[in-house]
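Novice:
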Amino acid sequence: MSTSSPASVQSQTETPLPAADPKQIIRLNVSSNGDVRWEIESRFLIADDDDVATFREFADAVRTGRINTGYDVQLFERYVTQAETVTDREMELRNAGWDEPQIREPESNDLNNGTRIGVITYSVTWTNFATVDDDRIYFGEALQTPDEDTESWLPLYDDQRLVIEPPQNYALETPSSLTWNGPHQFEEEELEIVFLRGPAGPQSMFPGSVWLAGSALGILIAAGIGGYFAYRYAARSERFDLPIDRIPLLERGQSHASETKTRSGSELVGSGGESASGSSADSTAAAAQTQLEYEEPDDDIDPELLSDEERVQRMLKRNGGRMKQAAIVNETGWSNAKVSQLLSQMDDDGEIEKLRIGRENLITLPEVDPTEVD
1 MSTSSPASVQ SQTETPLPAA DPKQIIRLNV SSNGDVRWEI ESRFLIADDD
51 DVATFREFAD AVRTGRINTG YDVQLFERYV TQAETVTDRE MELRNAGWDE
101 PQIREPESND LNNGTRIGVI TYSVTWTNFA TVDDDRIYFG EALQTPDEDT
151 ESWLPLYDDQ RLVIEPPQNY ALETPSSLTW NGPHQFEEEE LEIVFLRGPA
201 GPQSMFPGSV WLAGSALGIL IAAGIGGYFA YRYAARSERF DLPIDRIPLL
251 ERGQSHASET KTRSGSELVG SGGESASGSS ADSTAAAAQT QLEYEEPDDD
301 IDPELLSDEE RVQRMLKRNG GRMKQAAIVN ETGWSNAKVS QLLSQMDDDG
351 EIEKLRIGRE NLITLPEVDP TEVD
């Protein structure tokens with residue numbers, strides 16, 4: 001098995017034609033069953049008939065192996081193994097190889113009259129890459145890395161572009177920017193994309209190709225320009241470097257001093273609003289400041305009748321207002337991608353709060369102070 005990153009593949013062969021802009025496009029065609037067809041295109045400028053002949057000769061040498069570009073199934077296998085570990089899904093590679101070379105018209109009017117684009121494509125189908133859940137497809141979990149030093153194993157480099165093509169009749173549900181050109185390194189959860197199935201009909205959901213806010217396989221076929229630069233963005237200022245094992249889970253039924261809760265009968269409140277218990281009541285309230293008292297969830301309610309958001313809130317209340325994201329995944333049986341997307345939306349809506357602690361996400365209800373440590 002190859003131990004090199006796809007981004008570090010290099011070729012010693014010089015290309016006989018100038019590169020187009022962008023030099024490389026990585027197209028990920030998502031199927032409704034969760035498989036993804038990877039198409040890695042290297043693009044060259046073709047100005048006349050001589051360039052056509054040169055391009056076809058070069059493409060034939062690449063396809064027959066007379067020019068070694070370094071691209072084969074083994075190059076991807078280590079990342080399939082890594083993705084299986086991250087997602088806990090079985091995956092495999094199918095139908096790998098070089099496609100027929102193509103000469104296309106340019107996408108823009110920036111080129112001189114008559115100049116076309118020669119394309120050499122290496123393609124492979126990666127099964128079970130995305131997760132299908134009823135009418136939704138969750139994309140991006142397989143791009144995560146178990147290594148805490150990097151956010152994604154696929155950075156996007158200069159002269160590269162990534163294109164995600166959804167299945168027919170699927171629309172983008174996540175509020176993401178959809179056009180990304182390299183160079184770019186992606187932050188946590190930036191690549192988590194959800195597609196929603198809609199009404200049937202040609203182009204009923206998508207007016208043309210969809211460009212994903214994503215990262216790219218750092219491969220420059222034939223051009224021989226590569227190199228892997230593993231780096232990560234600085235931690236966000238709002239993150240706290242607290243060990244996850246020091247964050248206690250509040251016991252169910254603990255009290256919380258809130259502005260709306262009536263004080264117990266032992267506290268006599270005068271007409272001026274002052275408590276007869278004085279400093280004793282104040283100290284009691286201060287001690288309970290970060291604890292919550294919840295109503296017991298109605299266990300008679302069938303969880304299947306609840307919305308996803310209600311199920312998460314119900315679990316949080318049962319666990320004192322805070323849980324690790326991994327615990328929510330285990331209890332619900334949902335995929336990591338679905339839970340992550342749901343929690344991000346709930347965080348945006350103010351229903352929960354998310355705190356990154358090391359490699360863990362701590363999920364709390366808004367009233368809970370996640371930084372309070374016993």
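Residue numbers (full-length UniProt numbering): 1 to 374.
Note that CB positions come from ideal geometry on N, CA and C, so glycine has one too.
Being a predicted model, the structure only gives us computed values, none of them experimental.
1. Please go through the same chain and pick out, in chain order, the residues whose beta-carbon is closer than 6 angstroms to the beta-carbon of E141, but skip the five residues on each side of it.
2. Cα-Cα, which of D158, Y138, E187 is closest to I164?
3. Under the three-state reduction of DSSP, which class applies to I67: helix, strand or coil?
4. E353 lies in the beta strand (DSSP E); which residues open and close that run?
5. Contact between the region 36-54 and the region 117-137 is defined here as three or more beta-carbon pairs at a separation below 8 angstroms; is this criterion met?
6. Within 10 Å of its beta-carbon, does I193 have 16 or more other beta-carbons around it, so buried, or fewer, so exposed?
7. Relative to the alpha-carbon of R94, which residue among E351, V62, F55, F129 has its alpha-carbon at the smallest distance?
8. Using a Cβ cut-off of 7 angstroms (strictly closer), state whether A327 contacts chain D.
9. If you draw a straight line from the alpha carbon of D159 to that of V368, how long is it in whole angstroms?
10. Return helix, strand or coil for I117, following the three-state DSSP convention.
11. For the region 22-32 and the region 47-65, state whether three or more C-beta atom pairs, one from each stretch, are separated by less than 8 angstroms.
12. Rounded to whole angstroms, what is the Cα-Cα separation between R246 and R322?
13. Taking the Cβ atom as the reference point for each residue, do A20 and I117 lie within a distance shorter than 7 angstroms?
14. Do you know how far the Cα of I363 is from the Cα of K317?
15. Helix, strand or coil: how does DSSP classify N181 here?
16. Looking at C-alpha atoms only, which residue of I328, K324, A61, N319 is the closest neighbour of D308?
17. Any idea what DSSP makes of I328, helix, strand or coil?
18. Identify the residues that DSSP records as bridge partners of N361: which are they?
19. In the DSSP output, which residue or residues are listed as bridge partners for R311?
20. Determine the direct distance from the alpha carbon of E360 to that of E189, and round the result to whole angstroms.
21. Identify, in the order they occur along the chain, each residue of the same chain with its Cβ nearer than 6 angstroms to the Cβ of T260, setting aside the five sequence neighbours on each side.
22. Taking the alpha-carbon of Q168 as reference, which of S340, S32, I352, W334 has the nearest alpha-carbon?
23. What are the boundary residues of the beta strand (DSSP E) that A96 is part of?
24. Considering only their Cβ atoms, is the gap separating L156 from H184 smaller than 7 angstroms?
25. Taking a contact to mean a Cβ-Cβ separation below 7 angstroms, would you say S152 touches F195 in this structure?
26. Can at least three beta-carbon pairs, one atom from the region 73-89 and one from the region 99-109, be found at a separation below 8 angstroms?
27. Can you give me the C-alpha to C-alpha distance between D348 and P366, rounded to a whole angstrom?
28. Taking the beta strand (DSSP E) that R104 falls in, what are its first and last residues?
29. Taking all protein chains shown into account, decide if R66 is buried (16 or more other Cβ within 10 angstroms of its Cβ) or exposed.
Specialist: Let me spell this out:
1. Only T87, N336, A337 meet the Cβ criterion.
2. Nearest of D158, Y138, E187 to I164, Cα basis: Y138.
3. coil
4. 353-357
5. yes
6. buried
7. R94 has its Cα closest to that of F129, out of E351, V62, F55, F129.
8. Among the protein chains of the structure shown there is no chain D, as only one such chain exists.
9. 46 angstroms
10. strand
11. no
12. Interpretation of R246 is limited by its pLDDT of 29, a score under 50 that renders its predicted location unreliable; no figure is taken from the coordinates.
13. Yes, Cβ-Cβ distance for A20 and I117 is below 7 angstroms.
14. Each residue's Cα considered, the two are about 11 angstroms apart.
15. strand
16. The option with the nearest alpha carbon to D308 is I328.
17. helix
18. DSSP lists R356 as partners of N361.
19. In DSSP, R311 forms no bridge with anything.
20. Those two C-alpha atoms are separated by around 13 angstroms.
21. With a pLDDT of 37 at T260, under the threshold of 50, the modelled position of that residue is not reliable, and the figure given next carries that caveat. Hits under 6 angstroms: none found.
22. S32
23. 93-98
24. Against a cut-off of 7 angstroms, the Cβ pair of L156 and H184 comes out as a contact.
25. no
26. no
27. 12 angstroms
28. Counting along the chain, the beta strand (DSSP E) containing R104 begins and ends at 102-104.
29. Here R66 is exposed: its Cβ has fewer than 16 other Cβ atoms, across all protein chains shown, within 10 Å.
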